[in-house]
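Structure first, then comments.
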Amino acid sequence: MMNLIVVLLMFVVIGAVIAIWTRDLLSAVIAMGVVGFARTVVFVLLRAPDVAITQVVVEVLLLIILIRSAVRREVHTVEGARSVPGAAMAAALVAVMLILGVIAIRELAPFGQPAMARVSDAPSRAYVDKGLAETGSANIVTAVLLDYRGYDTLGEATVLFTAVVGAVALLRRKSRKEPPATETAAEAGASAPENE
Amino acid sequence: MKHLATEEREGMSTIVGTVTHWVCGFIILYGAYIVLYGHLSPGGGFAGGVILACGFMLLMLAYGKRRLVAALPLSTASVLDCVGALGFWLLAVLGLLIGGGVFFKNFIPHGVRFRLCSAGIIPLANIAIAVKVCASLVLVLVALSVLRVKARGSDEDFVTDIDEV
Amino acid sequence: MVYLLCLVLFCVGMYGVLTQRNLIKIILSLAVAESAVNIFLVLVGYRARGVAPIESAAVPHGTFAAAAVDPLPQAMVLTAIVIGLGVLALSMVIAMRLYHRHGTYDITKINELRG
């Protein structure tokens, strides 16, 4: 089980490296698909079926969005990296983050012992013990999402609403106020994004 | 530079159209099942809402934008988006008013365990969230797909306007 | 160790955000970093030889409570995945508008051209 999770995570890392450093945009999007589906299998192996179902359908929708909006016939290939001093400094920063992260991982509990197994008054223990009795729902994750932590779900619905309203508002052509009749069509089209 | 001619070629080939004709109803039914049984088996409002949006997107990919707008007009999608969000908020406020002074209180009696009609406001909240997520994602995907970006220097910048759909 | 692989994935995403030139690649790197965080959260909540946190009528409550994995990180990750989708869709729309204004996805050139 552990070996399978490790192998899948290595697939995820390899897929992510390919997605970021390949020259062709379509290959990058397909590699992102590999990353997403490997994540789904990892979630199933980690006993999280809710998360796995959500991840696989979100991944499909994300692939559709990426292919529809980014991959065009004339912008297939990508230039190289940015300036060299910038790349060296970025590599140094990432190396520092890696070292600090390795030090932090040593402080974590061993893999396979969640907080509710070690600490007696962890909130998850209360959720699992009394979830069915207090909320009446057999799916404890749904009970946590909609009953114990319903306020977070309300915030999440608001964030999704705001993102979608922002995305649709950015794609309007006409601005709210009328352009003067003497402007050409090109100027009216070019000034509409500035009026947002 | 050429522009992306997605709208002149409405939909895809006959095989895709025929398969979609049979499968799309099942996808929407499956999405509704995941939403309604969210408190008994894995799933819930978010996953079910995204599956419903995928079902509608299949209509649009296989038959073109007009078929999707005939099935779910964009004004209806906007209204459903707001209705879903406000419905969820209304359930929380009803918990405040009726249930006993706590925001988001589960005020409907729990009923028999492991049955479809149980767990208080949780199935209703699942339905509200699913409606909201489905309508939002259909709006975003249609907006992304109707946009055609022409080359710079041509007279018209945006070819279609989402208000006209 | 699995935590180390998650950290490596996050660092790969961060390096991509810092050094890539194409706007779409920056957005993909952000998605990779977000994936790393989600996997890490679910990994923290795993119980060895555990069962999914869904009760059924067949299993008595005592054995279920002793063997269930942690449901709290799973709820947070479910929310985070859907929010990630919304944010990525918004970023793609912004990228499309930038392409429409400047004709390129290259961010070094977008700095130079003032429309």
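Protein sequence lines, in the order shown, are assigned to chains U, G and Z.
Mind the numbering: the first sequence is residues -14 to 181 in our numbering, read in order.
Mind the numbering: the second sequence is residues 33 to 197 in our numbering, read in order.
Mind the numbering: the third sequence is residues 39 to 153 in our numbering, read in order.
Idealized CB from N, CA, C, for every residue including glycine.
Indicate the three-state DSSP secondary structure (helix, strand or coil) for Ile83/G in the structure shown.
Along the second sequence, one-based indexing puts residue 83/G at 51. Of the three classes helix, strand and coil, the one that applies to Ile83/G here is helix, per DSSP.
Take Pro91/Z and list the residues in its own chain whose beta-carbon comes closer than 8 Å to its own, dropping the five residues that flank it on each side.
The residue labelled residue 91/Z in the question sits at position 53 within the third sequence. Closer than 8 Å at Cβ, skipping near neighbours: Ala106, Val107, Asp108, Pro109 and Gln112.
Show which residues of chain U have a CB atom less than 8 Å away from the CB atom of Ser177/G.
As a first step, residue 177/G must be located in the second sequence, where it is residue number 145. Those are Arg53, listed as they occur along chain U.
Could you pull out every residue in the same chain whose Cβ sits closer than 6 Å to the Cβ of Thr142/Z, ignoring the five residues on either side in sequence?
Sequence index remark: in the third sequence, residue 142/Z carries index 104 (1-based). The answer is none, since no qualifying residue turns up.
Mapping DSSP to helix, strand and coil, what is Ile153/G?
Position 121 of the second sequence, counted from the start, is the residue given in the question as residue 153/G. Correct three-state label for Ile153/G: coil.
Going residue by residue through the segment 86 to 121 of chain U, where are the continuous beta strand (DSSP E) segments of at least 3 residues, counting only ones entirely within it?
none
Rounded separation between Gly70/G and Asp137/U - CA only
Along the second sequence, read from residue 1 onward, the residue named residue 70/G stands at position 38. Along the first sequence, read from residue 1 onward, the residue named residue 137/U stands at position 152. Between Gly70/G and Asp137/U, the alpha-carbon positions lie close to 18 Å from each other.
Check each residue of the segment 139 to 150 of chain U: if its Cβ is closer than 9 Å to any Cβ of chain G, include it; give the result in chain order.
Leu139, Glu141, Ala142, Thr143, Leu145, Phe146, Ala148, Val149 and Val150
Interface positions of the segment 110 to 122 of chain Z facing chain G (Cβ-Cβ less than 9 Å), listed along the chain:
Residues of the segment 110 to 122 of chain Z with a C-beta atom less than 9 Å from some C-beta of chain G are Leu116, Thr117, Ile119 and Val120, listed in chain order.
Return the Cβ separation of Val43/U and Val82/G in integer angstroms, given the expectation that the two are a contact with Cβ distance under 8 Å.
Mapped onto the first sequence, residue 43/U falls at position 58. Mapped onto the second sequence, residue 82/G falls at position 50. Confirmed, Cβ separation roughly 6 Å.
Give the residues from the segment 13 to 43 of chain U that approach chain G closer than 7 Å (Cβ to any Cβ), ordered along the chain.
Pro34, Asp35, Ile38, Thr39, Val42 and Val43
Is Val107/Z helix, strand or coil by DSSP?
Position 69 of the third sequence holds residue 107/Z. It is coil, neither helix nor strand.
Using a Cβ-Cβ cutoff of less than 7 Å, which residues in the same chain neighbour Phe78/G once the five nearest sequence positions on both sides are dropped?
For the purposes of this step, residue 78/G is identified with residue 46 of the second sequence, where counting begins at 1. The answer, listed in chain order, is Ile161 and Val165.
Return the residue from the list Gly71/U, Arg53/U, Thr39/U and Gly121/U that minimises the CA-CA distance to Cys149/G.
Working through the second sequence from its first residue, we reach residue 149/G at position 117. Relative to the Cα of Cys149/G, the nearest Cα in the group Gly71/U, Arg53/U, Thr39/U and Gly121/U belongs to Gly121/U.
Reference Leu130/U, options Ser109/U, Phe146/U and Val2/U, closest by Cα
One-based indexing of the first sequence puts residue 130/U at position 145. Considering only Ser109/U, Phe146/U and Val2/U, the residue with the shortest C-alpha distance to Leu130/U is Ser109/U.
Contact set between Ala127/Z and chain G, taken where Cβ atoms lie within less than 7 Å
By one-based count along the third sequence, residue 127/Z stands at place 89. Per Cβ cutoff of 7 Å: Val172.
From Ala157/G, Ser110/G and Val101/G, pick the residue whose C-alpha is nearest to that of Ser177/G; which is it?
Residue numbering aside, residue 177/G sits at position 145 when the second sequence is read from its first letter. Of the candidates Ala157/G, Ser110/G and Val101/G, the one whose C-alpha sits nearest the C-alpha of Ser177/G is Val101/G.
Only counting runs of 4 or more residues, tell me where the alpha helix (DSSP H) segments fall wholly within the segment 64 to 106 of chain Z, in order along the chain.
99 to 105
Return the chain-ordered list of same chain residues with a C-beta closer than 8 Å to the C-beta of Leu126/Z, the five sequence neighbours on each side being excluded.
Residue numbering aside, residue 126/Z sits at position 88 when the third sequence is read from its first letter. Closer than 8 Å at the Cβ level, and outside the excluded window around Leu126/Z, lie Ile65, Leu68 and Ala69.
Using a Cβ distance threshold of 8 Å, determine whether the segment 127 to 147 of chain Z contacts the segment 149 to 158 of chain U, with at least three qualifying pairs required.
These segments touch.
Quick check: the segment 104 to 117 of chain G against the segment 74 to 91 of chain U, are at least 3 beta-carbon pairs closer than 8 Å?
no
Does the distance from the CB of Pro155/G to the CB of Leu61/G come in under 8 Å?
Stepping through the second sequence from its first residue, residue 155/G is reached at position 123. Stepping through the second sequence from its first residue, residue 61/G is reached at position 29. No, they are not a contact pair.
Whole angstroms are fine: how far does the CA of Ala64/G sit from the CA of Leu84/G?
Working through the second sequence from its first residue, we reach residue 84/G at position 52. Working through the second sequence from its first residue, we reach residue 64/G at position 32. About 7 Å.
Taking all protein chains shown into account, do 16 or more other C-beta atoms lie within 10 angstroms of the C-beta of Leu85/U, making it buried, or fewer, making it exposed?
Working through the first sequence from its first residue, we reach residue 85/U at position 100. By the neighbour-count rule (16 or more Cβ atoms within 10 Å), Leu85/U is not buried but exposed.
From this set, Ala94/U, Phe96/U, Arg134/U and Gly97/U, which residue's C-alpha is nearest Tyr112/U's C-alpha?
Here residue 112/U is taken as the residue at index 127 of the first sequence, counted from 1. Minimum Cα-Cα distance from Tyr112/U among the listed residues Ala94/U, Phe96/U, Arg134/U and Gly97/U corresponds to Arg134/U.
Cβ neighbour criterion (16 or more within 10 Å) applied to Lys63/Z:
Within the third sequence, the letter at position 25 stands for residue 63/Z. Classification for Lys63/Z: buried.
Confirm, please, whether the CB-CB distance from Tyr41/Z to Phe(-4)/U is below 8 Å.
Within the first sequence, residue -4/U is the residue found at index 11, counting from 1. Within the third sequence, residue 41/Z is the residue found at index 3, counting from 1. Contact check for Phe(-4)/U against Tyr41/Z fails: the beta carbons are separated by 8 Å or more.
For Thr52/G, which residues in the same chain have their Cβ closer than 6 Å to its Cβ, ignoring the five residues on either side in sequence?
Sequence index remark: in the second sequence, residue 52/G carries index 20 (1-based). Counting only Cβ-Cβ distances below 6 Å, and skipping sequence neighbours, we find Leu90 and Ala94.
Buried/exposed call for Thr147/U, threshold 16 Cβ in 10 Å
To locate residue 147/U, count along the first sequence from 1; it is residue 162. Result: exposed.
Given this structure, state the Cα-to-Cα distance separating Thr143/U from Trp121/G, to the nearest angstrom.
By 1-based counting over the first sequence, the position of residue 143/U is 158. By 1-based counting over the second sequence, the position of residue 121/G is 89. Distance between the alpha carbons of Thr143/U and Trp121/G is about 10 Å.
Any C-beta of chain Z sitting closer than 8 Å to the C-beta of Phe120/G?
Taking the second sequence and counting its residues from 1, one reaches residue 120/G at position 88. No, its Cβ sits nowhere closer than 8 Å to a Cβ of chain Z.
Which partner residues does Asp132/U have in the DSSP bridge list?
Here residue 132/U corresponds to residue number 147 of the first sequence, with the count starting at 1. According to DSSP, which records beta bridges pairwise, Asp132/U is partnered with nothing at all.
Applying the 10 Å Cβ sphere with the 16-neighbour rule, what's the burial state of Lys97/G?
On the second sequence, position 65 is the one that residue 97/G refers to. Buried.
Chain-ordered neighbours of Ala123/U on chain Z, where CB pairs are closer than 8 Å:
Taking the first sequence and counting its residues from 1, the one referred to as residue 123/U is at position 138. Ile92, Glu93 and Ser94, listed in chain order.
Is the beta carbon of Val(-2)/U less than 8 Å from the beta carbon of Val50/Z?
Residue -2/U sits at position 13 when you count from the first residue of the first sequence. Residue 50/Z sits at position 12 when you count from the first residue of the third sequence. Using a Cβ distance threshold of 8 Å, Val(-2)/U and Val50/Z count as a contacting pair.
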